[in-house]
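Counting from 33, one number per residue, gives the positions in the sequence shown under our numbering.
Read the structure below first, then the notes.
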Amino acid sequence: MTITADPTEFAGQRVLISGGTKGLGRATVDRFLAGGARVITAARGELEPIDGVEFVQADLTTAEGAASLATAAVERLGGVDILAHVLGGSATPGGGFVALTDDHWLSELNLNLLAAVRLDRLLIPQMIERGSGAVVHVTSIQSVLPLPDATTAYASAKAALRTYSKSISKELGPKGVRVNVVSPGWIMTEGADVFLERIREANGGTLEDARQLVLAGLGGISIGRGAEPCEVADLIAYLASDRAASIHGAEFVIDGGTVPTV
Numbered sequence: 033m034t035i036t037a038d039p040t041e042f043a044g045q046r047v048l049i050s051g052g053t054k055g056l057g058r059a060t061v062d063r064f065l066a067g068g069a070r071v072i073t074a075a076r077g078e079l080e081p082i083d084g085v086e087f088v089q090a091d092l093t094t095a096e097g098a099a100s101l102a103t104a105a106v107e108r109l110g111g112v113d114i115l116a117h118v119l120g121g122s123a124t125p126g127g128g129f130v131a132l133t134d135d136h137w138l139s140e141l142n143l144n145l146l147a148a149v150r151l152d153r154l155l156i157p158q159m160i161e162r163g164s165g166a167v168v169h170v171t172s173i174q175s176v177l178p179l180p181d182a183t184t185a186y187a188s189a190k191a192a193l194r195t196y197s198k199s200i201s202k203e204l205g206p207k208g209v210r211v212n213v214v215s216p217g218w219i220m221t222e223g224a225d226v227f228l229e230r231i232r233e234a235n236g237g238t239l240e241d242a243r244q245l246v247l248a249g250l251g252g253i254s255i256g257r258g259a260e261p262c263e264v265a266d267l268i269a270y271l272a273s274d275r276a277a278s279i280h281g282a283e284f285v286i287d288g289g290t291v292p293t294v
């Protein structure tokens, strides 16, 4: 699928995207670049340069990594106008809640909740000073539709991010900073393939068996497919744009009809 972007939509805008080197994060980087934005992102390892993107090697699951990226954003871009928190994922084993150790829980919370909290705390104050800015947090439909075999900790962390987002929206709206949430369902990325492999290892069978197990846990996808990363990235860009100037403190679900309730 190809999404056509207005190349001037984000002209002059400075955008920080966490987790912007693969999957949905990379699609989000590409979408903002297509709109004319200046973009900065980070990853733990070294990365082949992306044209037009400032890159920082940092582990955003740590306070030190968040500080490194925030400092670079200020030094290289002079600050940020848009924060898109895309970083996330699940690396816990299958086997239900008893298989999760304290280390598993802390790892999921650092990746899926605290990485966003720390960057917000470091960078939103300069938005407040200017009286403008947009923040988009990517959560998951698993905050309301968890998969108990393998994603209890991930789903719990994303649910916390959802609640945190609503709370800060009440504080930041009067100060000119908009905060919204995008909650995807199944996205067709390489990360989804890794997740399926973990399910297969825990339960046996084939990757297709693992896929069917996940789909059964979700109750199916009404449109019959997962979302393309570019489709979710386009929603993130819309919420960060001036076209969504009156949208604040809201959650947008993009799941192909997976969640069976209104």
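Positions of the beta carbon are idealized from the N, C-alpha and C atoms, including for glycine.
- Message: Is the beta carbon of valine 168 closer than 8 Å to that of leucine 271?
- Response: yes
- Message: Given this structure, state the Cα-to-Cα distance separating isoleucine 200 from valine 213, to the nearest angstrom.
- Response: 12 Å
- Task: Kindly provide the ranges of any beta strand (DSSP E) runs that are 3 or more residues long and lie completely inside the segment 189-263, ordered along the chain.
- Result: 209-216
- Query: How would you call serine 254, buried or exposed, if buried means at least 16 neighbouring beta carbons within 10 angstroms?
  - Reply: exposed
- Query: With a CB to CB cut of under 6 Å and the five nearest residues on each side skipped, what residues in its chain are close to threonine 171?
  - Reply: Lys190, Leu193, Arg194, Val213, Ser215
- First and last residue of the beta strand (DSSP E) that includes arginine 63? Where arginine 63 is concerned, there is no enclosing beta strand (DSSP E), although the alpha helix (DSSP H) it sits in stretches over 55-66.
- Please classify glutamine 244: is it buried, with 16 or more other beta-carbons within 10 angstroms of its beta-carbon, or exposed? With fewer than 16 Cβ atoms within 10 Å of its Cβ, glutamine 244 is classed as exposed.
- Message: Only counting the same chain, and skipping five residues up and downstream in sequence, which positions put a Cβ closer than 8 Å to that of phenylalanine 284?
- Response: Asn212, Val213, Val214, Ser215, Leu267, Leu271
- Look up glutamate 86 in the DSSP assignment and give the residues it is bridged to. Bridge partners of glutamate 86: Ile72.
- Item | Best match in Leu155, Ala105, Ala234 for proximity to glycine 127 [C-alpha to C-alpha] | Ala234
- Message: Let me confirm a value: glycine 97 is counted as buried when at least 16 other C-beta atoms fall within 10 Å, else exposed. Which label applies?
- Response: buried
- Message: For valine 170, report the span of its alpha helix (DSSP H) as first-last.
- Response: Valine 170: not part of any alpha helix (DSSP H); member of the beta strand (DSSP E) spanning 165-170, first to last residue.
- Where does glutamate 283 sit, in a helix, a strand or coil, going by DSSP? strand
- Query: Just to confirm, are glycine 57 and valine 149 a CB contact at a threshold of 8 Å?
  - Reply: no
- Item | Residue closest to threonine 221, alpha-carbon to alpha-carbon, out of Ala147, Gly120, Leu177, Glu140 | Gly120
- Message: I'd like to check one pair, phenylalanine 129 with alanine 269: are the Cβ atoms closer than 8 Å?
- Response: no
- Can you give, in chain order, each stretch of the beta strand (DSSP E) that sits fully within the segment 76-125 and has at least 3 residues? 85-89, 114-117
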